[in-house]
Structures are given as structure tokens and as C-alpha cells.
Amino acid sequence: MTKRKDYIDARLKELQKEKAKDNTTTYQSVRKNESNEDAQLASAFYKALASRDGTQRDEVNAQVSKQYESKGQVIGTPGAGTAGGILVPTTVADSIITQMLYVSPIRQISKVISNMPAQLQLPSEASVVQAYWVAEAGAITASQEVFAPNVLTPYEVAGLDTFSNQVLQDAAVVPDLQTWVEQRFALALALQENQAFTNGTGSGQPYGFRSSYITPTAVAQAGATVSYSDVTKLMFALGTAYRSNAVFVTSSAGALALTNLRDTQGRPIWRDGLANGNPPTLLGRPVYIVDEIPSNLGAGTNATELWFGTFGQNYIIGDRQGLSIDYGTNANDFATNQISLRVVKRVAGMPILSQAFAKLSGVIAS
Numbered sequence: 001m002t003k004r005k006d007y008i009d010a011r012l013k014e015l016q017k018e019k020a021k022d023n024t025t026t027y028q029s030v031r032k033n034e035s036n037e038d039a040q041l042a043s044a045f046y047k048a049l050a051s052r053d054g055t056q057r058d059e060v061n062a063q064v065s066k067q068y069e070s071k072g073q074v075i076g077t078p079g080a081g082t083a084g085g086i087l088v089p090t091t092v093a094d095s096i097i098t099q100m101l102y103v104s105p106i107r108q109i110s111k112v113i114s115n116m117p118a119q120l121q122l123p124s125e126a127s128v129v130q131a132y133w134v135a136e137a138g139a140i141t142a143s144q145e146v147f148a149p150n151v152l153t154p155y156e157v158a159g160l161d162t163f164s165n166q167v168l169q170d171a172a173v174v175p176d177l178q179t180w181v182e183q184r185f186a187l188a189l190a191l192q193e194n195q196a197f198t199n200g201t202g203s204g205q206p207y208g209f210r211s212s213y214i215t216p217t218a219v220a221q222a223g224a225t226v227s228y229s230d231v232t233k234l235m236f237a238l239g240t241a242y243r244s245n246a247v248f249v250t251s252s253a254g255a256l257a258l259t260n261l262r263d264t265q266g267r268p269i270w271r272d273g274l275a276n277g278n279p280p281t282l283l284g285r286p287v288y289i290v291d292e293i294p295s296n297l298g299a300g301t302n303a304t305e306l307w308f309g310t311f312g313q314n315y316i317i318g319d320r321q322g323l324s325i326d327y328g329t330n331a332n333d334f335a336t337n338q339i340s341l342r343v344v345k346r347v348a349g350m351p352i353l354s355q356a357f358a359k360l361s362g363v364i365a366s
């Protein structure tokens, strides 16, 4: 628990340095148009968290349920009184989910469906439509796409963090503290989501793009280290229909292996993003770093992977209902005047089309 808390603190400091301007803009864009009623509900939410008062929590839950109903959405209600959790107001939930983008590269590049149903059936193309030349008045050969059904199913993900009573009490009246608390919740959830969106088995968690039943086009590194030729082979392993919108995804180790690559004219093929928040590019296509891709693969346990795919159309994320918060049972909370909180959301994830993805394996830095 201590190691995880230290890691979360370290990641937050990195984000605050790298994205301070963007984080402020994002938070304001979500909350700046908040009505007085919504602001008062957010304040009541933080007061209820700090007080642990069952009556206050029941009142907040009732108001949050009405918020969702006014948007045509339905959200489950936690148990009443001291036994129950607390629903997260829509503006606070939107802030948390928006800030998750900063630590969830897969969310940045994928198709996200908000307020998805309990299950959503998606098509997966098993065979592509064929076209034929037809002679004048000749018979047309029948052809159609064959779809294998994919069921997008949301699963529960929870992030655990600990706050002092004083912080939660102050958050009720200090917006900057609300931002900080929401950033911590966002990071705790995003770390879990990243792992599942990359490596998830589909059993009790989303399907990861690495471990699902899709079969990406496979390209193997030709030499002892990754080369310009390897990268171009990977790009052209995708059909033209997918290539123009595809992005690269790799680990930090993979990025390190790619930064010094040059083309046949000696020109670097890696370009850092010049504007704040813009990703680097490889051969002109964006690169997203996902450290949940292992970097200890292969016989020498020193290889990683480079993916190229149209995640924006073919990796689907579904967010189900809103967020809720439960109280943890850390035995040290009473002695240290702290509160352990578990933020809970339901999310689905699945890649749907093999032809939209290609993978270069055995990537090793020179």
C-alpha cells in the first residue's frame, strides 16, 4: 500500500510539472460553467465524505441520482446510512474522467462510448466484402461481410487512496483541493485501466489490445536491433484503409530504441512534439507511450513491442453509469486521522478488428 501511494504521489508530481497548464485548463473547462446548484452539491459531497455522516450521504445520493435522471441516465444507489457508499456528482465525475486522459494514453486514442448500456454487441469483421467485375447482363456474384458478434461488457474497477480528514473538510470550500483530490482519484483509476486496456483477459476485466482474440498482422525485427526498415515494414503491413489514421503505440523502452533511428538519407524519423501536449511522431504518425507493454520479452528478456493501428475506430471503451465512493477499512486510519476511500466505476474495453492492427515484436535498442 505504501509503495503504491508513493508511486501515485510521484506520478502526480510529474503530471503537475509536465501538464500544469493543461490540467488547469481542463479542470476549468469541466467545472467553470458549473451552476451554483452543482457547486453546492460538490461542496456537500466533500463534506459528507469527511463527516462519514449517513444522513448527509443519503441526501447527497438522492441529489446525485436526480442529476443523472435529468440527463436520462440511471445510476445504482448505494446502501443507505452508514453502511452505504456515496455517489459522485456529475461535475466531479466528469472532472475525474477528463483528467484520466492525461495518464491514460489508450483513452486518448480510442473510441469512448459514454453511458453505455449493460451490454453492447459490436460487430467484428470475420471476412471483408468482395467486389467483382461483371460482364454486361452477367450474373453478380453474391458477397457480404461476415460479422462475428463481440459483446462489450463493463466490469468494475476500483482505485484506493488515503486522505487526511482535514484535506477533505477543506476541499468542501477550496476548489484547488477539489482539483487535487480528483487528480488522485483519476490517477488511481487510470493506472488500473491502462493495465486492462493493454493486457486484460476479458475475464472480470476489459480485453486488452495485446491479449484479446484479435490477431494483429505480425512483423518481426529483422536484425539484432530495430531499424528504419523494420518500422516501414510495420507501417505498410496495414492496408491503406487503416494506415492513414493509424498511430504507433510502444513502451518507454521501445521509444528509446526508436529515437535515434534515421532513414536512408540520414534524416531522423522520430520527431518530438513541439507544442505542449502533442505526442512525438514516427515517420509522421503520432506515437503514444504505454508502459504496460512489457519490455522484458524475448529470449534475452530485453525486447518490447511496437504497435501500429487505428485505435480510434477499432479499440472501443465503454463507460457505464457514474462513479461512487466507498470507505476503506485501513486499520491505521483512526490512529492517523485519515480516511481511506475507494472510488468505483464500471468500464468496458475491446479491440474489434484484426486487420486494423499490426505488431512489430522483438524490438531491442541498439
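For the sequence shown, UniProt numbering assigns the number 1 to the initial residue and increments by one for each residue that follows.
Virtual Cβ for every residue (Gly too), placed ideally from N, Cα, C.
Burial state of Thr91 is buried, judged by a 10 Å Cβ sphere holding 16 or more other Cβ atoms. Per the Cβ contact rule, the region 235-246 is not in contact with the region 291-299 (fewer than 3 Cβ pairs under 8 Å).
Taken atom to atom, the span from the alpha-carbon of Leu168 to that of Leu49 is near 7 Å.
By the 16-neighbour rule on beta-carbons within 10 angstroms, Lys359 is buried.
Fewer than three pairs of CB atoms, one per stretch, sit closer than 8 Å, so the region 225-232 makes no contact with the region 272-279. Here Gly322 is buried. Its C-beta has 16 or more other C-beta atoms within 10 Å.
It is roughly 34 Å from the alpha-carbon of Glu182 to the alpha-carbon of Thr259.
Distances from the alpha-carbon of Gln338 to those of Leu187, Asn165, Val344 and Gly54 put Asn165 closest. According to DSSP, Trp307 shares a beta bridge with Val249 and Lys359. Our two residues, Ala186 and Gln192, have alpha carbons roughly 10 Å apart in a direct line.
With respect to the 8 Å criterion, Ala356 and Gly318 are not classified as neighbours on the basis of their beta carbons.
Contiguous beta strand (DSSP E) elements confined to the region 260-336 occur at 285-289, 304-309 and 315-327, taking only those with 3 or more residues. DSSP places Leu160 inside the beta strand (DSSP E), whose first and last residues are Tyr155 to Ser164. With a 10 Å radius around the Cβ and a threshold of 16 neighbouring Cβ atoms, Glu136 comes out exposed. Boundaries around Ala48 are those of the alpha helix (DSSP H), Asn36 to Ser51, since no beta strand (DSSP E) includes it. For Ala218, no alpha helix (DSSP H) encloses it; the enclosing beta strand (DSSP E) starts and ends at Thr217 to Ala220. Here the alpha carbon of Ala255 sits roughly 41 Å from the alpha carbon of Ala42. The beta carbon of Ile113 sits closer than 6 Å to those of Gly318, all from its chain and outside the five residues before and after it, given in chain order. Secondary-structure assignment with DSSP links Lys66 through no beta bridge to anything. With a 10 Å radius around the Cβ and a threshold of 16 neighbouring Cβ atoms, Thr336 comes out exposed. Contact between Pro280 and Arg271 holds: CB atoms are separated by about 6 Å, below the 8 Å threshold.
Here DSSP, grouped into helix, strand and coil, assigns Gln338 to strand. A distance below 8 Å separates the beta carbons of Val219 and Ala237. Taking the Cα of Leu160 as reference, the smallest distance to any Cα among Val173, Arg184 and Val174 is reached at Arg184. By the neighbour-count criterion, in which 16 or more other beta carbons inside 10 Å mark a residue as buried, Pro117 falls on the exposed side. Lys71 is classed as exposed because its beta carbon has fewer than 16 other beta carbons within 10 Å across all chains shown. Relative to Ala171, the option among Lys47, Val287, Ser251 and Pro105 whose CA is nearest is Lys47. Taking the Cα of Gln205 as reference, the smallest distance to any Cα among Tyr213, Ser212, Ser211 and Ala196 is reached at Ala196. Counting the other CB atoms within 10 Å of its CB gives Ser295 a total of 16 or more, which places it among the buried residues. By the criterion of a C-beta distance shorter than 8 Å, Val157 is surrounded in its chain by Leu189, Gln192, Glu193, Ala196, Gln205, Val344, Lys345, Arg346 and Val347, once the five residues flanking it on both sides are discounted. When DSSP reads this structure, Gly349 sits in a beta bridge with Ile317.
A Cβ-Cβ separation of about 20 Å leaves Ser110 out of contact with Gly239 under the 8 Å criterion. Look at Ile113 here: in three-state DSSP terms it is strand. Of Arg320, Pro351 and Asn61, the smallest CA-CA separation from Tyr155 is found for Arg320.
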